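Input: a single structure, listed below in structure tokens.
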Amino acid sequence: MNSVFVICEIEEGKVADVSLELLTKGRSLASTLQCKLEALVLGHQLNGIEKEIFPYGADVVHIGDDARLAPYTTLPHAAVVNALFREEKPQIGLLGATTMGRDLGPRVSSALVSGLTADCTALEIGDHEDKKAGKTYKNLLYQIRPAFGGNIVATIINPDCRPQMATVREGVMKKEIFSATHKGTVKKIDVDKLLKPEDLVVKVLERHMEKSRVNIKNSSIIVAGGYGMGSKENFQVLYDLAEVLGAEVGASRAAVDAGYADHDRQVGQTGVTVRPKLYIACGISGQIQHTAGMEESAMVIAINNDPMAPINRMADYVITGDVMEVVPKMIKYYKKNSK
Amino acid sequence: MGLKIIVLAKQVPDTRNVGKDAMKADGTVNRAALAAIFNPEDLNALEQALRLKDKYKDSTVTLLTMGPGRAADIIREGLFRGADNGFLLTDRAFAGSDTLATSYALACAIRKIADYDLIIAGRQAIDGDTAQVGPQVAEKLHLPQVTYAEEVLKVEKGKITIKRRLERGVETVETPLPSVITVNSSAPPCRPRAAKLLMKYKHALTISERHAKAEDYIDLSADRPYLNIQEWSVNDVETDAKWLGLSGSPTKVKSIENVVFQAKEAKVLTTSDADVEGLVKELMANHTIG
Ligand SMILES: Cc1cc2nc3c(=O)[nH]c(=O)nc-3n(C[C@H](O)[C@H](O)[C@H](O)COP(=O)(O)OP(=O)(O)OC[C@H]3O[C@@H](n4cnc5c(N)ncnc54)[C@H](O)[C@@H]3O)c2cc1C
Ligand SMILES: Nc1ncnc2c1ncn2[C@@H]1O[C@H](COP(=O)(O)O)[C@@H](O)[C@H]1O
Chain A
205 MNSVFVICEI EEGKVADVSL ELLTKGRSLA STLQCKLEAL VLGHQLNGIE
255 KEIFPYGADV VHIGDDARLA PYTTLPHAAV VNALFREEKP QIGLLGATTM
305 GRDLGPRVSS ALVSGLTADC TALEIGDHED KKAGKTYKNL LYQIRPAFGG
355 NIVATIINPD CRPQMATVRE GVMKKEIFSA THKGTVKKID VDKLLKPEDL
405 VVKVLERHME KSRVNIKNSS IIVAGGYGMG SKENFQVLYD LAEVLGAEVG
455 ASRAAVDAGY ADHDRQVGQT GVTVRPKLYI ACGISGQIQH TAGMEESAMV
505 IAINNDPMAP INRMADYVIT GDVMEVVPKM IKYYKKNSK
Chain B
956 MGLKIIVLAK QVPDTRNVGK DAMKADGTVN RAALAAIFNP EDLNALEQAL
1006 RLKDKYKDST VTLLTMGPGR AADIIREGLF RGADNGFLLT DRAFAGSDTL
1056 ATSYALACAI RKIADYDLII AGRQAIDGDT AQVGPQVAEK LHLPQVTYAE
1106 EVLKVEKGKI TIKRRLERGV ETVETPLPSV ITVNSSAPPC RPRAAKLLMK
1156 YKHALTISER HAKAEDYIDL SADRPYLNIQ EWSVNDVETD AKWLGLSGSP
1206 TKVKSIENVV FQAKEAKVLT TSDADVEGLV KELMANHTIG
């Protein structure tokens, strides 16, 4: 049975979170399909990188370590991935929907004439019956994603072409250690043999990377503000509440667009997906593009002055009223009762 | 030094206003039921092309779009803003294309245009949000690609320098001509229509559009060839049918679901001190907070 492959990404010398999340997903797909999970890492100075990957359940880690593979440029990476995929013929190939994955994925899928589905929110294994052709396909990858600005959810399949490729955004899948002691094999790729001079024509002249400052994805409580907060100044009460609760502050796109909060706080279809144990939505109407990123929260509190706001339909607690009245009271009573 | 630039632009349904007739039973988009607009990031792409044209004398900007007959609007819109000409690739054979089949058809059309230094696309189209067609065209033409471009800084000695906007930073890269570039929405917006160009190209039509006109329509295109929007069918470009349309699309839509909310049973509270304190205490008691 052909393997499930995850193309891993390196960020500041470590395997990126999105890749570990995909390995976790890949592990469960591989177990369902009873095949191997294999990881592919390309970059430079990757000594020992497999140790970060094995605990997530990879059976094989392919490593291509070469100065020409870092920083990332399209053509050398595509050359190595194409060669490896032609040889190994994976049934599934997963990448992060990052600037790298979204640059590399289509290039590879075009070269291999396989399909690629971008930004999947769920991946499952299932069968497909093609009534017209009278054919049944077993164990296809269901690539499930919102389309049309989030108004519909489509299940995409590639019945005939391999690998079935998909990208997934950071934070959409859960990252979970498979076994701390799991060990697989390492296979070194002879990169030099695969690169041609014409693969090296694009040169990175300069690069400024910033560390992401906030990490709302891993926070167990999120206090999120929307356009209904009214101003950047009013957003301060959310930071105050977050501070006392040990939470992070999230935001809707409308709030980000209005300049109330930074983009890396945006929750939703074009932001991060979060699944905290508590999500407090303050002045957020609850449009589908927003709720797509927080609907798996274990508990939702909606504070909105509109009793008919759509967010109320997914809330466990609805407080109908002005956020600027409610949030300070929450802070006050939390302080009072925690002493 | 004049640059010959091809801009890939797509007419897309305005997904910000989607009604319930948007999808057909076979899972493909019912474009007729939706307002059609110039894909936003393709306008950013067009602006980059027009800036290069302003900067480098004798440059030309050619639009290429694949879509139904009404996608000729895209070419006109481009002409109004400063493009020199355009091609509409339209044929039933292209219907139902996924990104791979689309990029194949576009690559074939680009080969037919033949004479170009640079291809500029938008990063992604809002109907699918896939961001695949640019890189896939590049692969099919064996050209280098630079995605997420925010600004073309310069063109010199057959090389082009580009600033890219990544998730967590910026990068400046250099790539030889010809290359494929895809442009982000963070790039400068497109200039508006120019009144003079609007007058000049108002009656620019494809041959099909001309045929559909009433008999008393006065056709000026014989004297003014710039009023002729070139229309290519599958027979005008060299293609292999097996890579086109639905048959050339490895990805299939298995099913479509409309998104509906499941209403939960919620506890409704007021802003009174008693209600808020009650809630806080309840959350503390069950260890949700604290
Ligand atoms: C392709 C696409 C992708 C998108 N991706 C995202 C995404 O990732 N994330 C995202 O969030 N959005 C996204 N959106 C935008 C989304 O459709 C909504 O526009 C956005 O979520 C609305 O934000 P909001 O709820 O803060 O603002 P609004 O819809 O304006 O809602 C404000 C709410 O605040 C309430 N309110 C006002 N004043 C007060 C007050 N004083 N006290 C209490 N309540 C008050 C109002 O009743 C209202 O319900 C996307 C849209 C598109 C087209
Ligand atoms: N049918 C088309 N005609 C012309 N250009 C297209 C077409 N489809 C996609 N493109 C180009 O490819 C980019 C990415 O599209 P997509 O992969 O669909 O997100 C768009 O922004 C356009 O520049």
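Chains as they are written, first to last, in my numbering: chain A, 205 to 543; chain B, 956 to 1245.
Glycine is no exception: its CB is placed at the ideal position from the N, C-alpha and C atoms.
Note that the coordinates shown come from a computational prediction; the quantities given were computed from them, not determined experimentally.
- Query: Any idea what DSSP makes of GLN966 (chain B), helix, strand or coil?
  - Reply: strand
Could one say the Cβ of LEU1019 (chain B) lies closer than 9 Å to chain A's Cβ atoms, at least one of them?
no
Pick from A:THR477, A:HIS494, A:PRO532 and A:ILE515 that is closest to GLU1232 (chain B), judged by C-alpha positions: A:PRO532
key: CYS486 (chain A), enclosing beta strand (DSSP E) - first and last residue   = 482-486
What does DSSP give as the partner residues of LEU1005 (chain B) in its beta bridges?
Note: LEU1005 (chain B) sits in no beta bridge, so no partner.
Can you tell me which of B:LEU1055, B:ALA1069 and B:THR1017 puts its alpha carbon nearest to the alpha carbon of ALA315 (chain A)? B:LEU1055
| task | Please list the segments of the beta strand (DSSP E) lying wholly inside the stretch 454-534 of chain A, counting only runs of 3 or more residues, in order along the chain. | result | 482-486, 504-508 and 521-524
For chain A, check one thing: does any of its Cβ atoms lie closer than 9 Å to the Cβ of ARG1036 (chain B)?
no
Using a 10 Å radius around the Cβ and a threshold of 16 neighbouring Cβ atoms, would you call GLN249 (chain A) buried or exposed? exposed
**OP:** Taking all protein chains shown into account, decide if PRO401 (chain A) is buried (16 or more other Cβ within 10 angstroms of its Cβ) or exposed.
**Re:** exposed
Rounded to whole angstroms, how far is the Cβ of LEU273 (chain A) from the Cβ of PRO280 (chain A), which I believe are closer than 8 Å?
-> 6 Å
Span of the beta strand (DSSP E), counted from its first residue to its last, around ALA1104 (chain B): 1100-1111
Check your understanding: Does the beta carbon of ILE994 (chain B) fall short of 8 Å from some heavy atom of ligand 2?
Key -> Here the sequence assigns Asn to residue 994 (chain B), which means Ile is not the residue at that position. Checking every heavy atom of ligand 2 against the Cβ of ASN994 (chain B), one is found closer than 8 Å.
Best match in A:LYS339, A:SER423 and A:LEU227 for proximity to GLU213 (chain A) [C-alpha to C-alpha]: A:LEU227
- 3-residue-minimum beta strand (DSSP E) runs that sit fully inside the stretch 214-249 of chain A, ordered along the chain: 241-247
| query | Between HIS332 (chain A) and LYS339 (chain A), what straight-line distance do the alpha-carbon atoms span, to the nearest angstrom? | reply | 8 Å
**Prompt:** Shorter than 9 Å from the beta carbon of THR303 (chain A) to some beta carbon of chain B?
**Reply:** yes
Practice prompt. Measure the alpha-carbon distance for ILE488 (chain A) versus GLU1105 (chain B) and round it to whole angstroms.
Written response: 31 Å
**Q.** Those residues which DSSP pairs with PRO350 (chain A) across a bridge
**A.** A:VAL357
If distances are taken between C-alpha atoms only, which option among B:LEU1108, B:MET1154, B:LEU1019 and B:THR1127 comes closest to ARG1006 (chain B)? B:LEU1108
If you measure between the beta carbons of ASP1174 (chain B) and LYS1067 (chain B), is that distance less than 9 Å? no
Margin query: Once DSSP output is grouped into helix, strand and coil, what is the label at LEU1160 (chain B)?
Written below: strand
**Q.** Partner residues on chain B for GLY525 (chain A), Cβ-Cβ distance less than 7 Å
**A.** THR1225 and THR1226
Span separating the alpha-carbon of PHE1049 (chain B) from that of ALA337 (chain A) | 21 Å
What residue range does the beta strand (DSSP E) around ILE1030 (chain B) cover? Unbroken run through ILE1030 (chain B) is the alpha helix (DSSP H), 1027-1036; no beta strand (DSSP E).
query = Beta carbon of THR1020 (chain B), beta carbon of ALA964 (chain B): below 9 Å?
reply = yes
task = Assign LYS335 (chain A) to one of three DSSP states: helix, strand, or coil.
result = coil
Comparing alpha-carbon positions, which option in A:CYS239, A:GLY475 and A:ILE211 lies nearest ILE420 (chain A)?
A:GLY475
Span of the alpha helix (DSSP H) around MET205 (chain A): Neither: MET205 (chain A) is in no alpha helix (DSSP H) and is coded neither H nor E.
Positions along the stretch 1121-1150 of chain B whose CB lies within less than 7 Å of some CB in chain A
LEU1121, GLU1122, ARG1123, GLY1124, VAL1125, GLU1126, THR1127, VAL1128, GLU1129, THR1130 and PRO1131
_Could you tell me the alpha carbon to alpha carbon distance between GLY1083 (chain B) and ASP510 (chain A), rounded to whole angstroms?_
32 Å
**Study point:** Residues, ordered as in the chain, of the stretch 363-396 of chain A that lie near chain B by beta-carbon distance below 8 Å
**Key:** PRO363, ASP364 and CYS365
### Task
Whole angstroms is fine: what's the gap from ASN1040 (chain B)'s alpha carbon to LEU1182 (chain B)'s?
9 Å
Identify every residue that forms a DSSP beta bridge with PHE1049 (chain B). The partner list for PHE1049 (chain B) (beta bridge, DSSP) is empty, contrary to what the question assumes.
Could you name the residues of chain B that ASP510 (chain A) contacts, counting a contact when the two beta carbons are closer than 8 Å? Simply none; closest approach about 13 Å.
query = When the Cα atoms are used, what is the spatial distance from LEU1096 (chain B) to GLY1024 (chain B)?
reply = 26 Å
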